[in-house]
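Enquirer:
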Amino acid sequence: MHKRRKSEILSAAALCFAAKGVHQTSMQEICEAAAISAGALYRYFESKDAIIFALAEQERLENAELIAHLTPSEDIVEGLCQALPEIVALSGDEQYGRLTIEIGAEAARNPAIAEVFARNETELRGALVDALKRGQGRGDVDPSLDPEAATFLILALFDGMPGRRLFVDDVAPDRLVGTLAGFLRKILGSA
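Residue numbers for the sequence shown follow full-length UniProt numbering, beginning at 1 and rising by one.
1. With a 10 Å radius around its C-beta and 16 neighbouring C-beta atoms as the bar for buried, classify T71 as buried or exposed.
2. Where T25 and R185 are concerned, what is the direct C-alpha to C-alpha distance, given to the nearest angstrom?
3. Residue range of the alpha helix (DSSP H) that P85 falls in?
4. Can you check which of these residues, D169, R5, R4, G189, is closest to V88 by C-alpha distance?
5. Run through DSSP, which three-state label would G189 get?
6. Under a three-way DSSP split, which group does residue 257 fall into?
7. Let's see if you can read the secondary structure: which residues bound the alpha helix (DSSP H) around H2?
8. Between which two residues does the alpha helix (DSSP H) carrying A107 extend?
9. Considering only residues of the same chain and omitting the five flanking positions on each side of Q28, which have a CB-CB separation below 7 Å?
10. Contact between the stretch 94-111 and the stretch 159-178: three or more CB pairs below 8 Å?
11. Whole angstroms are fine: how far does the CA of A105 sit from the CA of A56?
12. Just to confirm my understanding: we take A181, look at its own chain, exclude 5 residues before and 5 after, and list those with CB closer than 8 Å. What are they?
13. So, under 8 Å CB-CB, I36 and I9 are touching, yes? Tell me the CB distance rounded to an integer number of Å.
14. Measuring straight from C-alpha to C-alpha, what distance separates A131 and L145?
15. Have a look at the DSSP bridge pairing and note the partners of V141.
16. Kindly indicate which residue of G79, C31, F45, A34 has the alpha-carbon position closest to the one of A127.
17. Hey, quick one: how far does the alpha helix (DSSP H) through F45 stretch, first residue to last?
18. Taking the straight line between their C-alpha atoms, what separation do you get for V177 and F158?
19. To the nearest angstrom, report how far apart E115 and A50 are at their CA atoms.
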């Protein structure tokens with residue numbers, strides 16, 4: 001019950017943050033959206049920052065799903081390509097896009113929040129860099145490719161899609177998946 005209620009509060013807070021922004025959202029609005037009293041909310045989260053930290057933990061768990069596609073036993077390029085349908089689908093979710101922009105702006109202003117999201121980024125980047133290096137060692141990835149720079153660019157592309165799709169979303173998701181897969185295979189592949 002505790003875990004489910006906490007998840008419901010986080011979902012309500014994410015809706016509020018996406019609709020109004022972090023600073024413009026009051027704890028009372030989160031209470032109303034979650035159908036919970038203020039006293040009950042504060043038993044789960046002591047502040048808005050605590051809610052954002054919990055959202056960061058959710059992001060870390062989502063990143064773990066992407067990292068799972070990069071397991072040592074499979075072709076890194078194909079592992080990334082297999083993750084694309086989910087990445088593209090998520091990037092088309094309006095709430096996710098707005099929340100991504102809003103949390104990014106908050107992290108730019110709040111060093112404590114920036115630190116939490118930076119840890120997530122470091123973990124994800126490290127896993128992707130390691131996977132690209134493994135792929136180079138196996139001959140799946142172009143040996144002349146700079147793994148750190150390639151990781152930076154891949155994540156910039158993935159991170160930029162939600163914001164882009166908020167304003168221009170006239171390309172069908174299956175076309176995005178196919179084109180991205182083609183990009184990754186051409187840019188990363190050793191052939």
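We put the beta carbon where it would ideally sit given N, CA and C, even for glycine.
Expert: Let me lay it out:
1. exposed
2. 43 Å
3. 76-91
4. D169
5. strand
6. Lying outside 1 to 191, the shown extent of the chain, residue 257 is not represented and no answer is given.
7. Taken as a continuous stretch (DSSP letters only), the alpha helix (DSSP H) holding H2 covers 2-20.
8. Where A107 is concerned, the enclosing alpha helix (DSSP H) stretches over 94-109.
9. Cβ contact annotation for Q28 (same chain, cutoff 7 Å, sequence separation greater than five): A38, in chain order.
10. With a cut-off of 8 Å, the stretch 159-178 and the stretch 94-111 count as touching, because enough Cβ pairs lie within range.
11. 14 Å
12. C81, L84
13. 7 Å
14. Between A131 and L145, the C-alpha separation is close to 13 Å.
15. Its beta-bridge partners are G189.
16. G79
17. Run containing F45: none; DSSP gives neither H nor E here.
18. 11 Å
19. 13 Å
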